[in-house]
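Heads up: the sequence shown begins at 1 in full-length UniProt numbering, then just goes up one per residue.
Structure first, commentary second.
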Amino acid sequence: MNHFTYRQGELFAENIPVADLAARHGTPLYIYSAATLRRHFEAFDSAFDGLPHLTCYSVKANSNLCVLGLLAECGAGMDIVSGGELHRALSAGVDPQKIVYSGVGKRPAEIEQALATGILMFNVESMGELDRISAIASRMGKTAHIALRINPDVDPKTHPYISTGMKKNKFGLDMDNSLRAYERAMDLPGIEPVGIDCHIGSQLTSIEPFLEALDKIVSFGDKLMARGVPLRYLDLGGGLGITYNEEEPPHPAQFGEALSAALENHPMTLILEPGRVIVGNAGILVTEATYTKSTPSKDFVIVDAAMNDLVRPALYDSYHAIGEVKKHGRPEKNVDVVGPICESSDFLARGRELPEIEPGELLAVFSAGAYGFTMSSNYNSRPRAAEILVDGDVAVVARKRETYEDLIALERDCIE
Ligand code: LLP
Numbered sequence: 001m002n003h004f005t006y007r008q009g010e011l012f013a014e015n016i017p018v019a020d021l022a023a024r025h026g027t028p029l030y031i032y033s034a035a036t037l038r039r040h041f042e043a044f045d046s047a048f049d050g051l052p053h054l055t056c057y058s059v060k061a062n063s064n065l066c067v068l069g070l071l072a073e074c075g076a077g078m079d080i081v082s083g084g085e086l087h088r089a090l091s092a093g094v095d096p097q098k099i100v101y102s103g104v105g106k107r108p109a110e111i112e113q114a115l116a117t118g119i120l121m122f123n124v125e126s127m128g129e130l131d132r133i134s135a136i137a138s139r140m141g142k143t144a145h146i147a148l149r150i151n152p153d154v155d156p157k158t159h160p161y162i163s164t165g166m167k168k169n170k171f172g173l174d175m176d177n178s179l180r181a182y183e184r185a186m187d188l189p190g191i192e193p194v195g196i197d198c199h200i201g202s203q204l205t206s207i208e209p210f211l212e213a214l215d216k217i218v219s220f221g222d223k224l225m226a227r228g229v230p231l232r233y234l235d236l237g238g239g240l241g242i243t244y245n246e247e248e249p250p251h252p253a254q255f256g257e258a259l260s261a262a263l264e265n266h267p268m269t270l271i272l273e274p275g276r277v278i279v280g281n282a283g284i285l286v287t288e289a290t291y292t293k294s295t296p297s298k299d300f301v302i303v304d305a306a307m308n309d310l311v312r313p314a315l316y317d318s319y320h321a322i323g324e325v326k327k328h329g330r331p332e333k334n335v336d337v338v339g340p341i342c343e344s345s346d347f348l349a350r351g352r353e354l355p356e357i358e359p360g361e362l363l364a365v366f367s368a369g370a371y372g373f374t375m376s377s378n379y380n381s382r383p384r385a386a387e388i389l390v391d392g393d394v395a396v397v398a399r400k401r402e403t404y405e406d407l408i409a410l411e412r413d414c415i416e
């Protein structure tokens, strides 16, 4: 459920007409719904009420400060993967003791920054990283609480680019190496192993792969505890999918029920790192049609949003529903919705049945709240879109539209 709904043929973001926001703030424009964010967080988090747990929202999905602040207010912890994300989480007022740090390539300065902050746990992905954290923590006189990220070799049955828990992926440690790594971690100075972690992929539409991974992690965890590793946290990562088109992912309540059953009587605190399921359907991208163009083989709607604003269709061939902001009731036509960027991969939809669109009309690209703005770029020297957060009748500019000056602000003019 989300709060982008049509009233008499006109799209609203909560109580505000989307067309009004576009008129006021321009396009392309990201709009997020606060009520949807709260609802999604609460639906997810409460699904685990029966278990000791911590929901660490995955910052990479949507890292706008207003979004992070709203989720922190709801009680969310955060899953971060960089010093930049740590900075954002802290700036949004997140309790450092609710922050877990994942990622295969943590740099020394980032490790130092996280240790100085006093985060809850590092999810460590290699022996080299373990040794490095130990060295830095010892030098700083700190103790790093760590989990090892296990690669359970489970097929999440999702797009190959976002599968992360298979043998061939760069993530985590395989079971054999993990055992050695835990033994090593027990001896290393400045390291205290407190958890076990995995994340098998993103946009999963069934529970089975999660349960398969959980089963492997739990039995491995039991083995570790029997050997005296004092595990307190079991982090199962993120990955629960959403409906973009016709997918039917499990509801968070079903997900919670299944995991709770599997973890009944288990002593560890469950950590979850949801991203997409919280923010994906809480955001839309609004764009204006600039031209329409018919060629002998195809009809195009050329819009002012492009792959630099929303790269998912170009990168993963992802489907995003597209609809008119004001329904005109015209007959449908099969079109490609494309941006102005000089690449044929610059499309938002291909071969889509849409009512005939005229230049100047607005379209909404749905399910754009996750991995939309965060993956945007300045390609073709396009200033990045503004982001608006709507809460009931109120809209705030959560991020200003970039200007041409912003585009060149960090560069120097090398011409004498
Ligand atoms: N935890 C870790 C360690 C992750 O790597 C990720 C996502 C998450 C949690 C959150 O996963 P989620 O609940 O959002 O599925 N750009 C791609 C998605 C990449 C996901 C990367 N890792 C897309 O647009 O589909």
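Note that beta-carbon positions come from the ideal geometry of N, C-alpha and C, so glycine has one too.
Just so you know, these numbers come straight off a predicted model, no measurement behind them.
In the structure shown, the three-state DSSP call for Asn281 is helix.
Residue pairing of Ser33 in beta bridges, as defined by DSSP: Val390. For Ala289, the pairing in a beta bridge is given by DSSP as Val303. Put simply, the segment 128-136 does not touch the segment 195-209. Fewer than three CB pairs are less than 8 Å apart. Taking all protein chains in view, the Cβ of Leu410 is surrounded by fewer than 16 other Cβ atoms within 10 Å, so the residue is classified as exposed. Under the DSSP assignment, Asp197 falls in the beta strand (DSSP E) whose first and last residues are Ile191 to Asp197. Between the alpha carbons of Pro17 and Glu212 lies a distance of about 45 Å. Only residues of its own chain outside the window of five on either side were considered, and among them Ala92 and Gly93 have a CB closer than 7 Å to the CB of Gly69, listed in chain order. By the 16-neighbour rule on beta-carbons within 10 angstroms, Tyr161 is exposed. Short note on Gly237: C-beta closer than 7 Å to some heavy atom of ligand 1. DSSP places Arg399 in the strand class (E or B) of the three-state scheme. Residue ranges of uninterrupted beta strand (DSSP E) with 3 or more members, entirely inside the segment 24-108 and ordered along the chain, are 29-33, 53-58, 77-80 and 99-101. The shortest CA-to-CA distance from Asp155 to any of Met78, Asp95 and Met166 is the one to Met166. For Met127, the uninterrupted alpha helix (DSSP H) segment begins and ends at Met127 to Met140. Phe255 and Arg180 have their C-alpha atoms some 32 Å from each other.
Its chain contains Val301 as the residues whose beta carbon lies nearer than 6 Å to that of Thr292, once the 5 sequence neighbours on both sides are disregarded; these appear in chain order.
For Val277, the Cβ falls inside the 7 Å cut-off from some heavy atom of ligand 1. The DSSP-derived three-state label of Tyr379 is helix. Taking a cut-off of 8 Å for Cβ pairs, the segment 267-284 and the segment 363-373 touch, as three or more such pairs fall below it.
DSSP places Pro296 outside both helix and strand once states are collapsed to three, so it counts as coil. By the Cβ test, the segment 21-37 is in contact with the segment 378-386, since at least three Cβ pairs between them sit closer than 8 Å.
Under DSSP, Glu353 takes part in a beta bridge, and its partners are Asn334. By alpha-carbon distance to Leu148, the top candidate from Gly77, Ser377 and Arg232 is Arg232. DSSP, reduced to helix, strand and coil, places Asn123 within a strand of the structure shown. With a cutoff of 8 Å on beta-carbon distance, Ala289 and Ile357 are scored as near each other. Within the model, the alpha-carbon separation for Ser294 versus Asn334 is close to 11 Å.
Pairing Asp49 with Ile242, the inter-Cα distance amounts to about 21 Å. Distances from the CB of Glu129 to the heavy atoms of ligand 1 are all 7 Å or more. Pairing Val303 with Val337 gives a Cβ-Cβ distance under 8 Å. The closest CA to that of Ala185, considering only Leu71, Val59, Thr269 and Ile146, is found on Ile146.
Inter-residue distance for Glu42 and Met268 is about 22 Å (C-alpha atoms, whole angstroms). Measuring C-alpha to C-alpha distances from Leu285 to each of Asp176, Met307, Arg350 and Arg330 identifies Met307 as the nearest. Assignment of Ala13 by DSSP, reduced to helix, strand and coil, places it in the strand class.
According to the DSSP assignment, Val218 belongs to no beta strand (DSSP E) but to the alpha helix (DSSP H) extending over Glu208 to Ala226. Around the beta-carbon of Ala23, fewer than 16 other beta-carbon atoms lie within 10 Å, marking it exposed.
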